[in-house]
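Residue numbers (this note's numbering): 4 to 53.
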Amino acid sequence: MEFEAVGGRRMSVSTDWTDYGRPTVIDAPPAEQTVHIDDLAAHDNPFPLG
Numbered sequence: 004m005e006f007e008a009v010g011g012r013r014m015s016v017s018t019d020w021t022d023y024g025r026p027t028v029i030d031a032p033p034a035e036q037t038v039h040i041d042d043l044a045a046h047d048n049p050f051p052l053g
């Protein structure tokens, strides 16, 4: 998938699926390694939600 983000930046994303249909366990990172999107300055978020 390729798309244009805020400010004319172009980005592409590709995903390779393996073991399709099998359960996946995803461990969230520790709280001290995360940030809520509302805590980001609007100009720092290339993918604004609104």
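All residues carry an ideal CB built from backbone N, CA and C; glycine is no exception.
Residue i: first and last residue of the uninterrupted beta strand (DSSP E) it sits in
| i | result |
| --- | --- |
| serine 15 | 13–15 |
| glutamate 35 | Careful: glutamate 35 lies outside any beta strand (DSSP E) and carries neither H nor E. |
Distance, residue j Cα to residue i Cα
| i | j | result |
| --- | --- | --- |
| valine 9 | proline 26 | 35 Å |
| valine 38 | aspartate 30 | 16 Å |
| aspartate 19 | alanine 34 | 28 Å |
Contacts around residue i, its chain only, beta-carbon distance under 7 Å, and the 5 residues preceding and following it disregarded
| i | result |
| --- | --- |
| glutamate 7 | Arg13 |
| leucine 43 | none |
Chain-order list of residues whose beta-carbon lies under 8 Å from that of residue i (same chain, five-residue window excluded)
| i | result |
| --- | --- |
| serine 17 | Met4 |
| threonine 21 | none |
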